[in-house]
Each structure stands twice: as C-alpha cells, then as structure tokens.
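Down below is the structure, laid out as structure tokens.
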Amino acid sequence: MFTKEQQLIEEKIKAYCKTSDIALAELKWQSIPFSGEWGFATSFFQTAANEAKLGKGNKVPVPQKAQEIAEQIRGQIGSVEGISHIEAVKGYLNIYFKTSDYARRVVDEVLASGLDFGRGAAKRERVMVEYAQPNTHHSFHIGHARNTILGEALARLVEFAGFETIRASYPGDLGLGVITVMWIYDKFYKGQEPEGIHERGQWLAKLYVEATAMLEKKENETPEETAKREEYEAERREMYRKWDAGDESVRELWRVTREWSLEELRDILRMLDVKMDVWFFESEVDEPSKAIVDELIAKNIADDERSQGGAVIVKIDEKLGLTKEKYRTNVILRADGTTLYLTKDLALAKVKFEQYHVDRSIYVVDVRQSLHLQQAFAILKLWGFPQAEKCHHLGYGFVSLPEGAMSARRGRVVMFKDVADEAVRRAFSVEAEKSADVSAKDREKIAYQIGMGALVYSMLSVDNNKDIVFDINEALSFDGRTGPYIQNAHVRANSILKKAGWQAGKYTGTQVDKSFDYELTKHEIELIEEISQFPQKVQQAAEEYRPLVMASYAYELANTFHSFYHAVNVMQTEDENTRNARLRLVAAAKQTLANALRLLDIQAPDVM
RNA sequence: GCCUCUAUAGCUUAACGGACAAAGCUACGGUCUUCUAAACCGUCGAUCCAGGUUCGAUUCCUGGUAGAGGCACCA
113 MFTKEQQLIE
123 EKIKAYCKTS
133 DIALAELKWQ
143 SIPFSGEWGF
153 ATSFFQTAAN
163 EAKLGKGNKV
173 PVPQKAQEIA
183 EQIRGQIGSV
193 EGISHIEAVK
203 GYLNIYFKTS
213 DYARRVVDEV
223 LASGLDFGRG
233 AAKRERVMVE
243 YAQPNTHHSF
253 HIGHARNTIL
263 GEALARLVEF
273 AGFETIRASY
283 PGDLGLGVIT
293 VMWIYDKFYK
303 GQEPEGIHER
313 GQWLAKLYVE
323 ATAMLEKKEN
333 ETPEETAKRE
343 EYEAERREMY
353 RKWDAGDESV
363 RELWRVTREW
373 SLEELRDILR
383 MLDVKMDVWF
393 FESEVDEPSK
403 AIVDELIAKN
413 IADDERSQGG
423 AVIVKIDEKL
433 GLTKEKYRTN
443 VILRADGTTL
453 YLTKDLALAK
463 VKFEQYHVDR
473 SIYVVDVRQS
483 LHLQQAFAIL
493 KLWGFPQAEK
503 CHHLGYGFVS
513 LPEGAMSARR
523 GRVVMFKDVA
533 DEAVRRAFSV
543 EAEKSADVSA
553 KDREKIAYQI
563 GMGALVYSML
573 SVDNNKDIVF
583 DINEALSFDG
593 RTGPYIQNAH
603 VRANSILKKA
613 GWQAGKYTGT
623 QVDKSFDYEL
633 TKHEIELIEE
643 ISQFPQKVQQ
653 AAEEYRPLVM
663 ASYAYELANT
673 FHSFYHAVNV
683 MQTEDENTRN
693 ARLRLVAAAK
703 QTLANALRLL
713 DIQAPDVM
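In my numbering, the protein residues as written are 113 to 720.
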C-alpha cells in the first residue's frame with residue numbers, strides 16, 4: 113500500500129547511484145520489522161558487495177560499506193511528501209511515514225472497499241481447483257477433511273487474488289472397493305440400511321471393513337472356511353463382471369448405494385460451506401478415456417505392446433529426451449484393455465483444457481500421488497497442451513492417528529462428522545460458561561461456527577507438505593493459536609462498534625473528521641501496519657498456493673488486535689476526534705479480520 | 001538400488017538469503033467495579049551432524065544421520 117512513496121524514493125536512489133557511479137543492486141523493499149515503528153526499508157549489502165567486486169571501496173568490510181552507502185543516499189533524498197524522516201542504520205535505509213497521513217490512507221481504503229478490501233485485480237486467467245475426491249461407498253474421514261479444507265481455502269484465495277476460479281470434485285465411484293461394498297450389502301444386508309444420511313454413509317464404511325475381513329485369506333483356515341471364502345470371492349468377481357457389462361440390476365444397486373455416499377458428501381460440503389461448480393465422476397470418465405489411448409499411440413507418445421501380450425505404455429523419460437531417470441515409464445491401458453487411474457486423469461485433463469478452457473489446473477491430492485501426477489503432467493506436455501506447464505499438484509502430508517496410520521480396511525478411522533459434532537458440543541459447553549450475552553436462539557449457530565472454526569484452522573495452520581498426527585484435543589482447542597482466537601478478535605471489535613452505535617455511513621461519510629492527528633500509540637501503529645499488509649498476503653498465498661500464509665497472517669492480525677484492545681480503551685477515549693479515529697481503526701480491523709477468516713473458510717461471528 | 005518430502009524450545013508449529021529466529025501448548029508469576037479473561041503482560045527455553053557457496057545461511061549446494069512416502073498393468 114505504500115507504493116507511491118516507495119516508487120518515488122526508488123527513482124531518487126537510482127538517479128543518485130547513476131550519477132555517482134554506484135553499482136546499485138536491485139532494491140528489495142520490506143516493512144520495518146521493529147514493533148511500533150512504521151515505514152518501509154531496504155538494505156545495501158548487495159550493492160556494497162557489488163562495489164567490492166569492482167575493486168572499489170579499499171577493502172572496507174561489506175556491512176560497513178553498506179552503511180556508508182545508506183548514509184550517502186539518505187543525505188541525497190531530501191524531503192518527500194508523506195514521509196516524516198529517513199534514517200540509515202546497520203546498512204539499511206529506514207523510511208518512516210507521517211503517521212497521520214498513512215493511518216488515514218489505510219483506514220480509508222479498508223472502509224471504502226469493505227468486503228473487497230484486499231481483492232486483487234482481475235488476472236484474465238481461469239483456474240480450476242480439483243479437491244474433495246473421496247471414493248464413494250466409503251465414508252468421509254478426517255483425512256478427506258484436510259483435503260477439502262485445503263482445497264476450499266485455496267480456491268477462495270486464488271479467486272480473491274483475481275483469478276476466475278472453478279471448483280471441481282472428482283469422486284471415485286468405481287473399482288473393486290465399490291463392488292466389495294455392493295456385494296456384501298446385496299448378500300447380507302439388503303434393506304437394513306439405517307435412516308440418517310451420515311449414519312448410512314458410515315454404515316457403508318463398516319460394511320466394507322466386514323467384507324474385507326470375510327474376503328481376506330486367513331492364516332489357519334479350515335478347508336470349509338477356504339471354500340466359503342473362495343465362493344465369496346467368485347461372487348464378487350461375478351458382480352464386477354456384471355457391473356462392467358452394464359447388467360441392469362447390478363447397475364441399479366450401484367446407483368442406489370452410490371447415491372447414499374454422495375448424499376453424505378454433499379451434506380459435508382454444505383457443512384464446510386463448499387459450493388462445487390463441477391462434478392466429475394470417475395465412472396463418467398472411464399469410457400471416454402479409452403479414446404485418448406488411440407490418440408496417444410497415433411501421436412507416437414504411447415507404445416502399443418498389446419501384440420506381444422503387453423499393455424499400452426508411455427516411456428516418458430525417453431519421449432522427453434531425458435537421459436536421467438525422472439518420470440520413468442507408466443501404463444495407460446492394461447493388457448486386458450481396461451483403463452487405469454492415469455488414463456482417466458489424462459482424459460479428465462483434456463476435458464478441463466478443452467471444455468472448461470482452464471489455464472491453470474490445481475490438483476489437491478495426497479502427496480503419495482506425487483509421482484503419478486508428475487507423470488500425468490509430463491504426458492500432457494508431450495501431448496502438446498501448453499497448460500501442462502501450469503498444472504500444479506498441491507500435495508499434502510497425510511493425517512494419521514496417535515495409534516498409527518488410518519486404515520479404512522481395518523476400520524481404524526476418525527470420521528469427519530464425528531469430530532465436527534464433538535467440536536460443536538465442546539463449543540456449546542464453553543459457551544454455556546462464557547457467553548452470557550448470546551441469546552438462546554443463537555447459541556447453537558454460534559457453537560457451530562466456533563467448533564468448525566477450531567477444526568478448520570487446525571487443518572490450515574500446518575504447512576501442507578507436513579504430516580498431521582490428529583489429536584482431537586489439539587484440533588478442538590479454543591485457546592491460543594486457534595480459529596476461535598481469531599474469531600474472538602472479530603467479536604471484540606464488533607462489540608466496541610456496537611457500543612459506539614457505529615454506522616458505516618456516519619463514519620465513512622463527511623460528517624466525521626477522519627484524520628489521525630494525535631500521537632498514535634505503538635499498538636495502533638502495529639495494528640494499522642498489520643492491516644495494510646493484507647492485500648499482499650492474499651497475493652502471496654495465491655501465488656505460492658499456500659493457505660498457510662493466510663492462516664499465519666490471520667493469527668498475527670488477531671494477536672495485534674487483542675494487544676491493542678487491552679492497551680487502548682477506545683470508548684473511554686476523551687477527545688472526540690481521537691475516539692472517532694480509533695473507532696474507524698477498529699472497524700477497519702474488524703473488516704480485515706472478517707475478510708481473512710472468509711478466505712480460510714471460517715465464519716466470523718459478531719458475538720460469542 | 002533410485003527418487004521425493006521432513007528435521008527449529010520439553011510438545012505442536014512459524015520465519016521472500018539479511019537487523020535481536022516468531023508463536024501456541026506446558027511450567028511458573030501477574031492482570032477482570034473500565035469496549036466479553038475463548039484475552040492480555042512477564043519469566044524459562046531451540047535451528048539434526050559435517051563440509052561448501054556467500055559480505056552474510058534455519059533458508060541455497062554436497063555428503064551423512066533419523067523419520068515418512070513413492071518407484072509400469074492398485075487408486
């Protein structure tokens with residue numbers, strides 16, 4: 113937000129260095145890192161090093177030389193509008209704002225932009241974020257939640273940063289796992305499904321566990337057991353065959369049970385406030401994907417080894433002309449003519465590029481599939497899609513439990529719905545002791561917002577490439593660096609404004625003196641500084657595809673606000689102009705907190 | 001065997017190659033007749049090891065150690 117002054121000063125520095133023959137390095141600006149100080153800064157270490165390399169400077173050590181240059185430049189800049197003073201310290205040039213001007217500018221912009229404060233300029237690029245790809249006929253566990261939350265936060269970030277954004281879900285609704293559940297249901301549990309959406313979804317996951325156990329070869333099987341197991345196995349195979357052949361009764365069974373899972377998924381997305389734009393189903397991509405195999409053979413990208421009883425493969429490294437092993441070789445069509453995951457991903461990418469005109473394609477997928485996706489991107493490049501360069505795998509470490517890895521097969525999973533319910537229960541009980549002024553009718557809604565806020569933030573506050581050991585007590589903590597902490601800052605800002613009878617029109621219109629012509633405290637300066645950084649944090653998070661950047665920022669902002677709240681009593685400020693200025697600052701902080709929380713897929717309650 | 005990721009305080013995590021490595025939890029000590037203490041203030045405490053590049057390395061490179069994951073007809 114300080115580009116105007118920054119540009120002016122940068123030009124002055126460049127002009128001076130040119131006339132004085134100083135080998136100026138590229139200037140990198142940062143905000144002054146000391147708390148309670150205010151402005152922007154750059155260093156001259158690189159410039160000093162350049163000078164030293166040119167043999168100038170008579171072997172003066174670099175830090176000392178940098179300081180000399182900084183002092184020299186400081187003497188040359190003169191006065192600049194909006195800048196109070198400039199100092200040269202330890203090789204840095206620190207440029208301080210006139211507090212009143214800068215404070216007013218930041219607060220004015222936030223209040224004028226409102227919900228749009230921080231929104232980036234339109235980028236003329238369309239981005240598709242693919243996330244929430246659970247398999248049907250299973251339930252939605254906490255690992256799926258990490259995927260979905262990460263994907264949604266990312267989608268919100270790139271959208272707000274200025275990209276046209278499409279949200280896509282790609283559920284896996286076919287394969288042996290699906291058939292296994294259908295088989296056991298059909299054989300032993302037909303008509304016994306429970307009532308509720310989530311109960312039924314989770315019940316399917318239980319059936320899967322049971323079926324897997326039945327079909328698994330055991331150590332000391334009796335001959336009868338072996339025969340039984342083989343019989344079951346044959347039934348399952350037969351069902352798979354029928355499904356593949358399009359047998360109407362098996363297809364109907366599939367449609368019905370699949371819908372149970374999708375109902376659950378849709379409800380979970382609703383709980384997380386996720387609105388998908390596009391649904392791709394694996395079953396719908398399966399058949400068309402066979403067509404691309406021929407195309408890739410015709411283009412000499414794939415090698416058809418079927419005549420020798422082999423598969424259709426792509427020797428990726430060879431085709432790319434790589435001498436070192438990197439992408440290796442992968443199969444795109446089995447010897448029996450059926451497709452694989454890779455085949456479908458390639459076909460889906462083609463649809464994304466050609467039908468949805470996607471410029472950038474982001475895949476939020478478990479880090480274990482990294483090689484697979486790199487292979488897919490490499491094949492897309494060979495295929496001639498320029499968008500292949502802008503395909504990005506946002507991998508994330510998996511979520512395990514204190515007792516070890518989650519395993520759907522063994523039934524050792526933590527269901528998202530159970531955790532979410534527990535989160536709401538806990539928030540509700542804390543509310544009972546702390547939220548005297550929340551009306552009874554709002555209690556439930558707010559407990560929901562708080563509980564989910566805690567859960568969502570716990571998933572976003574760890575960098576995506578790190579594994580998470582899921583501890584429910586940590587994930588649902590409401591104290592310290594958590595979602596509710598940030599929400600509480602928003603609530604406190606709101607409660608000040610409420611008490612003041614804040615109305616946007618009154619304080620943003622012409623009736624109120626908007627200047628900050630008083631001595632700002634350290635806490636106010638820090639708060640304004642923090643608010644002013646929001647737009648660039650949005651851009652950074654979107655460019656790096658890292659929701660963590662926003663999660664960290666939101667915490668810092670809330671932390672700064674809480675400190676301000678304790679140090680400065682807004683409503684007891686005697687001077688009316690000062691009080692109004694502070695109220696406007698509080699409103700700006702509230703708005704920025706709300707915008708940041710929104711990008712994190714966390715609600716911002718007004719009371720809690 | 002090859003490849004990828006990770007290693008920061010007792011625990012969980014931050015930190016565009018730059019100024020005193022930042023927080024939360026835990027422990028201990030303070031702060032509610034004042035805009036809600038889901039908060040604030042204070043104390044204790046850390047860059048896996050060895051080299052290298054650089055004026056400067058938690059950050060980049062090489063090699064170790066430890067952990068996790070992946071390597072063609074699973075997804």
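Yeah, the Cβ is synthetic: ideal placement off N, Cα and C, and Gly gets one too.
Neighbour-count burial assignment, residue i, 16 or more Cβ in a 10 Å radius
i, result
"Thr672", "buried"
"Leu316", "buried"
"Pro498", "exposed"
"Gly449", "exposed"
"Asn681", "exposed"
"Phe300", "exposed"
"Glu376", "buried"
"Met564", "buried"
"Gly727", "The structure shown does not extend to residue 727, since the chain is modelled only from 113 through 720, so no value can be given for it."
"Asp389", "exposed"
"Ala267", "buried"
"Thr334", "exposed"
"Thr594", "buried"
"Lys462", "buried"
"Asp356", "exposed"
"Leu286", "buried"
"Asp457", "buried"
For residue i: DSSP bridge partner residues
i, result
"Asp416", "Val424"
"Ser155", "Tyr204"
"Met388", "In DSSP, Met388 forms no bridge with anything."
"Glu199", "Asn206"
Residue i versus residue j - alpha carbon distance
i, j, result
"Asp554", "Lys140", "49 Å"
"Gln652", "Arg279", "20 Å"
"Val219", "Leu632", "14 Å"
"Ser570", "Lys431", "43 Å"
"Asp575", "Ile714", "18 Å"
"Trp295", "Thr369", "11 Å"
"Gly422", "Ala137", "59 Å"
"Lys702", "Ala605", "6 Å"
"Ala566", "Tyr597", "9 Å"
"Ser644", "Gly284", "43 Å"
"Lys618", "Asp629", "19 Å"
"Tyr453", "Leu460", "10 Å"
"Asn162", "Lys202", "17 Å"
"Ile198", "Ser147", "17 Å"
"Asp591", "Val542", "11 Å"
"Ala716", "Ala699", "14 Å"
Contact check, residue i vs residue j, beta carbons under 8 Å
i, j, result
"Ile580", "Glu534", "no"
"Asp298", "Leu365", "yes"
"Val55", "Val270", "Shown here, the chain extends from 113 to 720; a query on residue 55 therefore has no answer."
"Ile291", "Ile413", "no"
"His674", "Ala601", "yes"
"Asn577", "Asp625", "no"
"Ile144", "Ile181", "no"
"Ala244", "Gly263", "yes"
"Gly151", "Ile207", "yes"
"Tyr282", "Glu394", "yes"
"Ile254", "Val526", "yes"
"Tyr723", "Ala517", "Nothing can be reported for residue 723: it is not among the residues displayed for the chain, which extend from 113 to 720."
"Pro659", "Gly230", "no"
"Ala552", "Ala539", "no"
"Glu337", "Lys330", "yes"
Of the residues the options, the one placed nearest residue i, counting alpha carbons only
i, options, result
"Leu695", "Met662, Glu163, Arg710 and Leu639", "Leu639"
"Val386", "Met720, Asp718 and Leu711", "Leu711"
"Ala548", "Val719, Val536 and Ala160", "Val719"
"Gln176", "Ile425, Val542, Phe628 and Gln158", "Gln158"
"Lys235", "Leu262, Glu276, Leu445 and Val201", "Glu276"
"Asp415", "Glu394, Ile444, Glu221 and Glu437", "Ile444"
"Trp54", "Arg312, Ala233, Val531 and Lys634", "Look at the range of the chain in this structure, 113 to 720, and you will see that residue 54 is not part of it."
"Asp478", "Tyr453, Gly194, Val511 and Glu501", "Val511"
"Asn259", "Ser419, Ala666 and Leu381", "Leu381"
"Tyr475", "Lys502, Leu434, Lys493 and Thr451", "Lys502"
"Ala224", "Val397, Leu669, Ser482 and Thr622", "Thr622"
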